[in-house]
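Read through the structure below, which is laid out as structure tokens, and then see the notes.
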Amino acid sequence: MPQILIIDDNASVAAALDVLFSLHDIDCLHADSPQAGLAALNTQSVDLVIQDMNFSADTTSGQEGEALFAQIRSGWPDLPVILLTAWTHLDAAVALAKAGAADYLAKPWDDIRLLTTVNNLLELAETRQELARRQRREQREREALAQRFDLCGAIFHDPASVRVVQMACQVARSELPVLITGPNGSGKERIAQILHANGPQRRQALVTVNCGALPAELIEAELFGAEAGAYTGANKAREGKFEAADGGTLFLDEIGNLPLAGQMKLLRVLETGRFSRLGSNRERQVTVRVISATNADLPGMIREGTFREDLYYRLNTIELHLPALAERPNDILPLARHFLDDAHQLSDGASRALRHYPWPGNVRELRNVIARACLLASQARIEPADLALPAPGRSHLPASSQAEPDRERISAALTHADGNISQAAAELGLSRQALYRRMERHGIARP
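Last residue of the sequence shown: 447 (the UniProt record's numbering), numbering continuous.
As structure tokens, this is what we get:
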């Protein structure tokens, strides 16, 4: 049963309120002075306070009530307080409402209005308490997870990201391939680090390859190595990433950018653990756990014939999807505070601005925004203007940081640039070589 504390020196007022609330299954405590009220709060479980504003005889200023309210707000900041007085001072009412008073009612009160206010506040308090209990439970779960596993410094508070981290820790002990999907900048590489750090290969190397940053003609040599003379400029034999990762983990980022020829060789390595260096007929044997990541729509690429279906099913024996930052809003402020330097803190306004911004560039954009604000802010408290966030609906990031450009976007960019490859690549946020690779993949003829 909810319990209300009534702090009023008039016994008849307390009795009337007690009768009113008892008819609606609400229990009441009574204190006849500010001191007795504060003592009751220290010893009793109270869901709401109704307090008078004047306690001394012939006093109508409300100063006693204001002082009591300030003490309650200081000691119990989440406790709802209704102010009740026979002497209404509009300026004081406005000031106390701004300070957090739930309502300011004049005596004699309206029973229906008072009951409605009390019931609404009790429901809100119950919701807040349940939220606080859930947050404490989630905090305990995160702490337990951090004690059992190496989380590689990951910052995660939102239930959506917690589920991904929990799943990553659970499947880490397996040697099966894992495919991590999610938009650019969302933190897929950190999930790969967690998989490696908690797997049987953790004492060996984690080797990372960004498949989107390599020219098509060098990807095979990068992955599998090359003998001297295998291609122009190969003056000596070189070890590939699979050899470097032998016994450990190979992380293939942006796997959707791997050319079909490289996909075929990768599939064979996944199936047999054997491969040949470029320019060599001798097969080599390795034991490597492969983790891959992409922001591309691989099923759509399979339909277009630009990604092998058999490789897709081999890579995503286990798939972990990391949502965009906007889909895990409870991560925004913890991440922002993590990126702050020691000399700065966020104002309430800046925190609200960060929470309401859609973050098309995800965690990477958030890190850059905070770094820029720390550099340019004129004071220790970062205000919304210091964040310099784009207006709603606009982004200062290139299109490639938001999603992998499909055939239609590439064609539109080329048309807009009148066939100028450099201009189209800049519009898409790509290098010239990266644009050429995507044109080849989608069957778009060069201008």
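Positions of the beta carbon are idealized from the N, C-alpha and C atoms, including for glycine.
A quick note: this is a predicted structure, and the numbers were derived from the prediction, not measured.
### Message
On the CB-based measure, 16 or more other CB atoms within 10 Å of its CB, does Thr117 come out buried or exposed?
### Response
For this step, residue 117 is matched to residue 117 along the sequence shown. Buried: at least 16 other Cβ atoms inside 10 Å.
### Task
Alpha carbon to alpha carbon, how far is Arg238 from Gly225? Give it in angstroms, no decimals.
As a position in the sequence shown, residue 225 is number 225, starting the count at 1. As a position in the sequence shown, residue 238 is number 238, starting the count at 1. Cα to Cα, Gly225 sits roughly 5 Å from Arg238.
### Query
Taking the alpha carbon of Asn316 as the point to measure from, which residue in Leu267, Ala95, Ala417 and Ala67 has its own alpha carbon closest?
Locating residue 316 in the sequence shown gives position 316, counting from the first residue. Among Leu267, Ala95, Ala417 and Ala67, the Cα nearest to that of Asn316 is on Leu267.
### Query
With a Cβ-Cβ cutoff of 7 Å, do Leu121 and Leu48 count as a contact?
Residue numbering aside, residue 121 sits at position 121 when the sequence shown is read from its first letter. Residue numbering aside, residue 48 sits at position 48 when the sequence shown is read from its first letter. In this structure, Leu48 lies closer than 7 Å to Leu121 by Cβ.
### Message
Looking only at its chain, what residues have a beta carbon closer than 8 Å to the beta carbon of Asp341, apart from the 5 residues adjacent to it on each side?
### Response
As a position in the sequence shown, residue 341 is number 341, starting the count at 1. So the qualifying residues of the chain are Cys374.
### His24, DSSP secondary structure in three states
Residue mapping note: residue 24 aligns to position 24 of the sequence shown, counting from 1. DSSP places His24 in coil when its eight states are reduced to three.
### Query
With distances taken from CA atoms, which of Gln139, Thr306, Asn210 and Val81 is nearest Leu38?
Here the question's residue 38 lines up with position 38 in the sequence shown. Minimum Cα distance to Leu38 is reached at Val81.
### Task
Count the other CB atoms, across all protein chains shown, that sit within 10 Å of the CB of Ala445; report buried if there are 16 or more and exposed otherwise.
Position 445 of the sequence shown holds residue 445. Under this definition Ala445 is an exposed residue.
### Message
If contacts are defined as beta-carbon pairs under 8 Å, then Phe251 and Thr208 qualify, I think. What distance do you get, rounded to the angstrom?
### Response
Numbered from 1 along the sequence shown, position 251 holds the residue referred to as residue 251. Numbered from 1 along the sequence shown, position 208 holds the residue referred to as residue 208. At roughly 5 Å, the Cβ-Cβ gap stays under 8 Å, so Phe251 and Thr208 are in contact.
### Query
What residue does the beta strand (DSSP E) around Tyr312 start on, and which one ends it?
Here the question's residue 312 lines up with position 312 in the sequence shown. That residue, Tyr312, is in no beta strand (DSSP E); its alpha helix (DSSP H) goes Glu309 to Leu315.
### In chain order, each beta strand (DSSP E) run of at least 3 residues that lies wholly inside the UniProt domain "Response regulatory" (3–122)
3–7, 27–31, 48–52, 81–85 and 103–106
### Message
Between the alpha carbons of Gln129 and Ala192, how many angstroms are there, rounded?
### Response
Taking the sequence shown and counting its residues from 1, the one referred to as residue 129 is at position 129. Taking the sequence shown and counting its residues from 1, the one referred to as residue 192 is at position 192. C-alpha separation (whole angstroms): 36 Å.
### Query
Three or more C-beta pairs closer than 8 Å, one from the stretch 332–349 and one from the stretch 159–172: is that the case here?
no
### Ile194: first and last residue of the uninterrupted alpha helix (DSSP H) it sits in
The residue given as residue 194 occupies position 194 in the sequence shown. That run of the alpha helix (DSSP H) goes Lys188 to Ala197.
### Assumed close pair Leu387, Ala326 - CB separation to whole angstroms, cut-off 8 Å
As a working mapping, residue 387 is identified with position 387 in the sequence shown. As a working mapping, residue 326 is identified with position 326 in the sequence shown. About 16 Å separates the two Cβ atoms, so there is no contact after all.
### Task
Have a look at Thr218 and Pro358 and give me their C-alpha separation to the nearest angstrom.
By 1-based counting over the sequence shown, the position of residue 218 is 218. By 1-based counting over the sequence shown, the position of residue 358 is 358. The question names Thr, but residue 218 in the sequence shown is Leu. Rounded to whole angstroms, Leu218 to Pro358 spans 37 Å at the Cα level.
#### Entry: 7 Å CB neighbourhood of Pro200 in its chain, flanking five on each side removed
Along the sequence shown, one-based indexing puts residue 200 at 200. Correct list, in chain order: Arg173 and Glu175.
### Query
Leaving out five residues before and five after Ile370 in sequence, what residues of the same chain have Cβ atoms less than 7 Å from its Cβ?
Locating residue 370 in the sequence shown gives position 370, counting from the first residue. Excluding sequence neighbours, Ile370 sits near Ala336, Phe339 and Leu340.
### Query
Taking the alpha helix (DSSP H) that Thr272 falls in, what are its first and last residues?
By one-based count along the sequence shown, residue 272 stands at place 272. Leu260 to Thr272 is the extent of the alpha helix (DSSP H) around Thr272.
### Message
If I measure Cβ to Cβ from Ala419 and keep anything under 7 Å in the same chain, skipping five residues before and after, which residues do I get?
### Response
Locating residue 419 in the sequence shown gives position 419, where the first residue counts as 1. Residue 419 is actually Gly in this sequence, not Ala. Around Gly419: Pro447.
### Query
Where does Met53 land, buried or exposed, given buried means 16+ other C-beta within 10 angstroms?
The sequence position of residue 53 within the sequence shown is 53, counting from 1. With 16 or more Cβ atoms within 10 Å of its Cβ, Met53 is classed as buried.
### Task
Kindly indicate which three-state DSSP category Gln345 falls into: helix, strand or coil?
Start at 1 with the first residue of the sequence shown, and residue 345 comes out as number 345. In the structure shown, Gln345 sits in a strand (DSSP, three-state: E or B).
### Distance between Arg142 and Arg136 (C-alpha atoms, nearest Å)
If you number the sequence shown from 1, residue 136 lands on position 136. If you number the sequence shown from 1, residue 142 lands on position 142. Between Arg136 and Arg142, the C-alpha separation is close to 10 Å.
#### Entry: Bridge-paired residues (DSSP) for Asp386
Translated into the one-based positions of the sequence shown, residue 386 becomes position 386. In DSSP, Asp386 forms no bridge with anything.
### Query
Is Asn210 helix, strand or coil by DSSP?
Position 210 of the sequence shown, counted from the first residue, corresponds to residue 210. Here Asn210 sits in strand by DSSP.
### Task
Please determine, among Glu271, Asp348 and Tyr436, the residue with the shortest C-alpha to C-alpha distance to Ile410.
Counting from one through the sequence shown, the residue named residue 410 turns up at place 410. The shortest Cα separation from Ile410 among Glu271, Asp348 and Tyr436 belongs to Tyr436.
### Task
Mind checking which residues open and close the alpha helix (DSSP H) that includes Thr181?
Residue mapping note: residue 181 aligns to position 181 of the sequence shown, counting from 1. No alpha helix (DSSP H) contains Thr181, which is instead part of the beta strand (DSSP E) from Val178 to Thr181.
### Task
Please list, in chain order, all residues of the same chain as Phe149 whose beta carbon is under 6 Å from its beta carbon, the five residues on each side excluded.
The residue given as residue 149 occupies position 149 in the sequence shown. The answer, listed in chain order, is Cys169 and Asn198.
### Query
Can you round the beta-carbon distance between Val178 and Ala245 to whole angstroms, since I take them to be within the 8 Å contact cut?
The residue given as residue 178 occupies position 178 in the sequence shown. The residue given as residue 245 occupies position 245 in the sequence shown. Not confirmed; about 15 Å, so no contact.
### Query
Is Glu227 closer than 7 Å to Ser280 when the C-beta atoms are compared?
As a working note, residue 280 is residue 280 in the sequence shown. As a working note, residue 227 is residue 227 in the sequence shown. Yes, these two residues count as a Cβ contact at 7 Å.
### CB contact flag (Ser186, Leu322, <7 Å)
As a first step, residue 186 must be located in the sequence shown, where it is residue number 186. As a first step, residue 322 must be located in the sequence shown, where it is residue number 322. It is a contact, given that the beta carbons lie within the stated cut-off.
### Message
Spatial neighbours of Arg407 within its chain, please: C-beta separation below 6 Å, excluding the five flanking residues on both sides.
### Response
The residue given as residue 407 occupies position 407 in the sequence shown. Closer than 6 Å at Cβ, skipping near neighbours: His442.
### Task
Round the Cβ separation of Glu427 and Ala417 to the nearest angstrom and send it over; I've been treating them as touching at under 8 Å.
In the sequence shown, the residue the question calls residue 427 occupies position 427. In the sequence shown, the residue the question calls residue 417 occupies position 417. 7 Å between Cβ atoms; contact.
### the stretch 103–119 touching the stretch 154–163, judged by at least three CB pairs closer than 8 Å
no
### Task
Identify, in the order they occur along the chain, each residue of the same chain with its Cβ nearer than 6 Å to the Cβ of His30, setting aside the five sequence neighbours on each side.
Here residue 30 refers to the residue found at position 30 when the sequence shown is read from its first residue. Within the same chain, His30 has close Cβ partners Ile6 and Ala14.
### Query
Is Leu298 closer than 7 Å to Tyr313 when the C-beta atoms are compared?
Against the sequence shown, residue 313 aligns to sequence position 313. Against the sequence shown, residue 298 aligns to sequence position 298. Not a contact, by the Cβ cut-off of 7 Å.
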